[in-house]
Every structure is written in structure tokens, then in C-alpha cells.
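Single-structure report; data block below.
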Amino acid sequence: MFSRFKKPESGPAAIALKPVTSSGPVAPISAAVHKPVAVTTRPNPTAPIARTPAEAMASDKEKKKKEKMAELKVELHKRLLDNLNLSALEKATEASLKQEIASITAEALDEMSVALNAQDRQVLHQELYDEVMGLGPLEALLKDDTVNDILVNGPKRIFVERAGKLSLTDITFKDERHLLRIIDKIVSAVGRRVDESNPYCDARLADGSRFNCMVPPVAVDGSLVSIRKFKKEKLGVPDLVRFGAFTEEMAAYLQAAVATRLNVIVSGGTGSGKTTTLNALSSFIDGSERILTIEDTAELQLQQIHVGRMESRPPNVEGKGAVTQRDCLRNALRMRPDRIIVGETRGEEVIDMLQAMNTGHDGSMTTIHANSSRDAVSRLENMIAMSGIEMPIKAMRSQISSAVNLIVQASRLQDGSRRMVSITEVTGMEGEVISMQEIFRYERLGLEANGKIIGRFNATGIRSAYSDRFKQWGYDLPSSIYEPIV
Ligand SMILES: Nc1ncnc2c1ncn2[C@@H]1O[C@H](COP(=O)(O)OP(=O)(O)OP(=O)(O)O)[C@@H](O)[C@H]1O
Ligand SMILES: [Mg+2]
Numbered sequence: 000m001f002s003r004f005k006k007p008e009s010g011p012a013a014i015a016l017k018p019v020t021s022s023g024p025v026a027p028i029s030a031a032v033h034k035p036v037a038v039t040t041r042p043n044p045t046a047p048i049a050r051t052p053a054e055a056m057a058s059d060k061e062k063k064k065k066e067k068m069a070e071l072k073v074e075l076h077k078r079l080l081d082n083l084n085l086s087a088l089e090k091a092t093e094a095s096l097k098q099e100i101a102s103i104t105a106e107a108l109d110e111m112s113v114a115l116n117a118q119d120r121q122v123l124h125q126e127l128y129d130e131v132m133g134l135g136p137l138e139a140l141l142k143d144d145t146v147n148d149i150l151v152n153g154p155k156r157i158f159v160e161r162a163g164k165l166s167l168t169d170i171t172f173k174d175e176r177h178l179l180r181i182i183d184k185i186v187s188a189v190g191r192r193v194d195e196s197n198p199y200c201d202a203r204l205a206d207g208s209r210f211n212c213m214v215p216p217v218a219v220d221g222s223l224v225s226i227r228k229f230k231k232e233k234l235g236v237p238d239l240v241r242f243g244a245f246t247e248e249m250a251a252y253l254q255a256a257v258a259t260r261l262n263v264i265v266s267g268g269t270g271s272g273k274t275t276t277l278n279a280l281s282s283f284i285d286g287s288e289r290i291l292t293i294e295d296t297a298e299l300q301l302q303q304i305h306v307g308r309m310e311s312r313p314p315n316v317e318g319k320g321a322v323t324q325r326d327c328l329r330n331a332l333r334m335r336p337d338r339i340i341v342g343e344t345r346g347e348e349v350i351d352m353l354q355a356m357n358t359g360h361d362g363s364m365t366t367i368h369a370n371s372s373r374d375a376v377s378r379l380e381n382m383i384a385m386s387g388i389e390m391p392i393k394a395m396r397s398q399i400s401s402a403v404n405l406i407v408q409a410s411r412l413q414d415g416s417r418r419m420v421s422i423t424e425v426t427g428m429e430g431e432v433i434s435m436q437e438i439f440r441y442e443r444l445g446l447e448a449n450g451k452i453i454g455r456f457n458a459t460g461i462r463s464a465y466s467d468r469f470k471q472w473g474y475d476l477p478s479s480i481y482e483p484i485v
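Oh and the sequence shown: position 326 is 325 in numbering that gives the first Met the number 0, straight run, nothing missing.
As C-alpha cells, then:
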């Protein structure tokens, strides 16, 4: 227990006023101890604030224990860096390193006359291991499979998304310097640097997770970090049907659409499940086809064997060497693809994507950030206009309408559930307007007391404009799937 924690004779400030890393001096521990740590003391902001004196004492005790543990960790981490043979770290096995950490820690604790119970000691060993080998406090969240996103707002506020819902954790960094050290570890591993003149960066963690950071002074209250966890087991169509993202009928329709090489756009808001949907849809592509994927951060995991993956590259520190999605796409057209999949179309590559869809690479797919199918078309128009191409609006729309066959709208509803709220076909032009018809939609019927949305998927009653095509390709969908439930 921490009641047995003894301070060394000279007081807490003597424990660690020295640098934790070689990058500069760390703030005195005593200052850090007196910093407000509101987040750790109140992990659930929605809980009532009123506390009994006993609860207040328990929480103060917990807070003090955490502070002392953090203090101890800084000192031990420093000692570890002094004592471990860093060049041998890469070859060391996890078990041998943990053993080494345990023995250095035991020696240091002895020297500092600090007694810890077995459980605290184990937590400390794990945290020290994560500091030396991994990403410190983030490591536990990265290992937690229920976490989808990790969002850091400065050193003391780490949020996670589980099952579509955001919540504040009681995990914290010691201070901004600690957070910056972890950020630096991540970005330097991919040859990048963040500082005042380069305050933000995209990167990929060793496990494939997507990482973005922005550091002060642009990030006003401390560094901002967003991590989209990489899922080894990607959600497939059966999983998504099981989770209620769409129905089996919709899955059968989508299978026919993808297999018969319709050009598909998955549209949706941030974190709505666009990439997941795109990945699941790709499973309907025949194994004999050559597929090229282009992404800013490689997230897609196609199951086919004939897949060429490309990842764009930002400019280096001197502003040179950038390879954009557009560069990849243009090159891809010379690589004899049967299908091209662009992770997310967000800029100038739009025109090449539409041209590819129009010129023999039918069956291509991409995602777009938009809130409805109509909106997705407007986004395409805007992107074309922004890319500097002067084109009359009618020509632009006719280009879009002949390139895009299907728009699938993904959405994260307010209860955290992710649903495919609409499947819409693009059928051509009427005058200057792109004509579309919705085939399936999600209907909201009400709200349960616990905030869960009650709803159902329904057909609109409109038969697919591609029914004949589906039939010719051997996908004879029963007409009943287009019949609405009333
Ligand atoms: N239907 C679903 N049910 C449960 N979880 C889902 C579902 N769809 C997606 N997810 C999870 O939600 C998270 C976000 O999904 P995804 O990366 O596909 O979103 P996105 O729209 O591409 O996000 P972004 O806009 O950031 O690129 C992932 O962790 C994914 O595993
Ligand atoms: Mg995505």
C-alpha cells in the first residue's frame, strides 16, 4: 500500500529534477505534483459532483497515490535509461527485458527506501516496459480491443471511442513534455519531425493504426493526437449484417453491384464506417482481378491475392518528395489495373478517379466525406471546381453521372450505432440535374428509454436500374427484395 511509501530523506524534489530523456530538462516533480489533475480525479464528467467526506478522502488518497506513482516512474525510467544496454534492446525478448526492468527497479526502490506491494510493482513494471519499448500511457489503450479511436487533448485528457461512443479515460500523461516525447517517438519512427515550424503530422503506428498529431502553439491547450486503431480482424459483410449495419437483402444487392462492376462511392461523415464498408464490399470482387489500392494511410485489407497497395507520401522537412494520391492514381493507370480503389477522394485526384471510372476501370470504388448521396455529388462537383479545371457545370455533372453508378451512405447515429442509411443509384441526367433513385433506406421509428434508436431497413419499392445487368451476369435477385414493408 502507498501508506508505506517513504520519501527519501531529502524530500520529493530530490527524486528527479534531472532530464528524463536527452532532449532537455524535465519540469521539477514538485511542480508537476501541484498541477491540477482534474481529469484523473473525476473520470466520469457526467457523474454527480456531490461526494461524501469518505468518498472525498478516498479520491484524494487515490490522487496522491497516482501522483507518487508518476513521480516514481519518472525517476525509475531515468535510471532504466542509464542502466539498460539500449543498443541490445531491439534484440532483447519481452521476458528478458521485463526481468531486467524488474531487477533494476527492485534495486532502485531499495536504494530509495520505497516499498510497493506486488500488484503496484507489477503495474509499475508494465508501465516502465511500455515507456521503454512502446508508447507509454497509450500502450494500454492500443492493446484494448474494445477501443476504436484514441483521442488525446493535451496531457491530462485522453478520450476513447468504444462502440461508437466517446468517453474520458483516467489515463494521463505526466505532462506535456511526456506527451511530446511519445509523439516524437512515433513520428521519428516514420522519418518525420514535429515542432513549432512543422506543427502537425500524419503517421502510421507500427501496428498499422492511423495517427495524426498537432503540437503547440497551434494546438492551444497541449498537443492533440488522434489514433484510429488498426483492426487485425476487419469487419466483413457477415459481421456488418450481424451488427445491423445493413440487411442480408442489401448485402445481396451490394454483392451483385460490386461483382457486376458498378462504380461505387461510399459516402459518410467522419468515423461513420466508410473505410470498413469499402473493405467489406471489396470482398465481392473476383479473385482473378487485378486490384490497385491508393490511400493516404494504408488501412484497407483486401483478401484477394492480386492486390497492389500504394500509399501517398507527404513532403519531407524541406518540403520536397511528396507523392500525392493523384500521382499514385496516374501511375496506377499505367499498371494495368482491373479495378482501382481510392481510400478517400478528397482533392485534385477526383478528376482522375472519375476518368478512370469512365474509361475501362469500371468497378472502381472510393469513399467521400459527405452527409447524403446528394451531398456526395455536390462534393464531387466542388472538388472538380477546386482542382482548377474549368468545366461548364453541365459537363461536370455529365462526367459524374456517367462515372458513378452507386452511392452508399454510411452514418454513425446518435446512439453510436453505425448504419448504411441509404443505397442510391445514379441513373443519368435530366436537363442539368443528375438523376438518382434510392433503392434502400434506413427508417427511424423512435427512441428507446436508454437512448437507443429504434429503426428498420426498408426497400423504397423502386426496382434497380441495373436489374437486367445483374441478371446477365448471373445475379438474378428476386424482385421481392425491392418490395417495401409497410
Ligand atoms: N457497422 C459497424 N459496427 C461496429 N463498428 C464499426 C462498424 N463500422 C465501422 N466500425 C468501426 O468504427 C471505426 C471507424 O470506422 P471506419 O474507419 O471505417 O470509419 P471512416 O468513416 O472510414 O472514418 P474516417 O472518416 O476517420 O476515415 C472502426 O474502428 C471500425 O472498426
Ligand atoms: Mg476512413
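For every residue, glycine included, the Cβ atom is placed at its ideal position computed from N, Cα and C.
Keep in mind the model is a prediction, meaning the values are calculated, not measured.
{"Check": "Looking at G272 and ligand 1, is the gap between the Cβ and the nearest heavy atom below 7 Å?", "Outcome": "yes"}
{"Check": "Compute the beta-carbon to beta-carbon distance between R209 and I226, rounded to the nearest angstrom, for a pair I have assumed lies under 8 Å.", "Outcome": "7 Å"}
{"Check": "Once you ignore the five residues that flank I433 on each side, which residues in its own chain have a CB closer than 7 Å to its CB?", "Outcome": "V376, R396, I399, S400 and V425"}
{"Check": "Between the alpha carbons of D337 and E288, how many angstroms are there, rounded?", "Outcome": "6 Å"}
{"Check": "Quick check on V403: buried or exposed, where buried means 16 or more other Cβ atoms within 10 Å of its Cβ?", "Outcome": "buried"}
{"Check": "Could you tell me the alpha carbon to alpha carbon distance between R78 and F245, rounded to whole angstroms?", "Outcome": "54 Å"}
{"Check": "Count Cβ pairs between the segment 262 to 277 and the segment 339 to 351 that sit closer than 8 Å; are there 3 or more?", "Outcome": "yes"}
{"Check": "For N152, which residues in the same chain have their Cβ closer than 8 Å to its Cβ, ignoring the five residues on either side in sequence?", "Outcome": "F158, D220, G221 and L223"}
{"Check": "At a cut-off of 7 Å, is N262 close to ligand 1 when judged by its beta-carbon and the heavy atoms of the ligand?", "Outcome": "no"}
{"Check": "Indicate the three-state DSSP secondary structure (helix, strand or coil) for A114 in the structure shown.", "Outcome": "coil"}
{"Check": "Would you tell me roughly how many angstroms separate the C-alpha atoms of W472 and Q413, rounded to the nearest one?", "Outcome": "39 Å"}
{"Check": "My parser needs the alpha helix (DSSP H) runs of 4 or more residues fully inside the segment 230 to 257; what are they?", "Outcome": "236 to 241"}
{"Check": "Runs of 4 residues minimum, wholly inside the segment 321 to 397: which ones carry the alpha helix (DSSP H) assignment?", "Outcome": "324 to 331, 348 to 357 and 372 to 385"}
{"Check": "Compute the beta-carbon to beta-carbon distance between I284 and V257, rounded to the nearest angstrom, for a pair I have assumed lies under 8 Å.", "Outcome": "6 Å"}
{"Check": "Which residue marks the beginning of the alpha helix (DSSP H) containing N147, and which one marks its end?", "Outcome": "Element bounds for N147: not the alpha helix (DSSP H) but the beta strand (DSSP E), V146 to N152."}
{"Check": "Provide the residue span of the alpha helix (DSSP H) that contains T275, from first to last.", "Outcome": "K273 to S281"}
{"Check": "Determine the burial state of N262: buried for a count of at least 16 other Cβ atoms within 10 Å of its Cβ, exposed for fewer.", "Outcome": "buried"}
{"Check": "Alpha carbons only, please: which of Q354, M213 and K72 is nearest the one belonging to M111?", "Outcome": "K72"}
{"Check": "Residues in the same chain with beta-carbon distance under 6 Å from P483, minus the five sequence neighbours each way, listed in chain order, please.", "Outcome": "N457, A458 and G460"}
{"Check": "Please state if the CB of Y441 and the CB of G450 are separated by a distance shorter than 8 Å.", "Outcome": "no"}
{"Check": "Helix, strand or coil for R209 per DSSP?", "Outcome": "strand"}
{"Check": "Kindly examine ligand 4 and report whether one of its heavy atoms sits closer than 7 Å to the Cβ of A202.", "Outcome": "Questions concerning ligand 4 fall outside what the structure shown contains, since the ligands it does hold are ligand 1 and ligand 2."}
{"Check": "Less than 8 Å between the C-beta atoms of D228 and G415, yes or no?", "Outcome": "The sequence given here places Lys at residue 228; Asp does not occur at that position. Not in contact: K228 and G415 (Cβ atoms no closer than 8 Å)."}
{"Check": "So, using beta-carbon positions, are K393 and Q300 closer together than 8 Å?", "Outcome": "no"}
{"Check": "Within the segment 398 to 478, note down every full alpha helix (DSSP H) run reaching 4 residues or more, in order along the chain.", "Outcome": "466 to 471"}
{"Check": "Can you tell me whether A46 is buried or exposed, with buried defined as 16 or more other CB within 10 angstroms of its CB?", "Outcome": "Note that A46 has pLDDT 45, beneath the 50 cutoff, so the model's placement of it is unreliable and no number is given."}
{"Check": "Look up Y199 in the DSSP assignment and give the residues it is bridged to.", "Outcome": "M213"}
{"Check": "Who pairs with E310 in a beta bridge, going by DSSP?", "Outcome": "E294"}
{"Check": "Please determine if the segment 166 to 178 and the segment 188 to 202 are in contact, where contact requires at least 3 C-beta pairs separated by less than 8 Å.", "Outcome": "no"}
{"Check": "Looking only at its own chain, which residues have a Cβ that is under 6 Å from the Cβ of T296, when we skip the five neighbours before and after it?", "Outcome": "R203 and R209"}
{"Check": "Grouping DSSP H, G and I as helix and E and B as strand, with all else coil, what is I103?", "Outcome": "helix"}
{"Check": "Can you give the Cα-Cα distance for L476 and A409, rounded to whole angstroms?", "Outcome": "23 Å"}
{"Check": "Taking 7 Å as the line, does the beta carbon of T292 fall inside it for any heavy atom of ligand 2?", "Outcome": "no"}
{"Check": "Which residue wins for smallest C-alpha separation from T104, given the options A94, H124 and G430?", "Outcome": "H124"}
{"Check": "Is the beta carbon of E160 sitting closer than 8 Å to the one on H76?", "Outcome": "no"}
{"Check": "Compare the beta carbon distance of G346 and S386 with 8 Å and say whether it is the shorter of the two.", "Outcome": "yes"}
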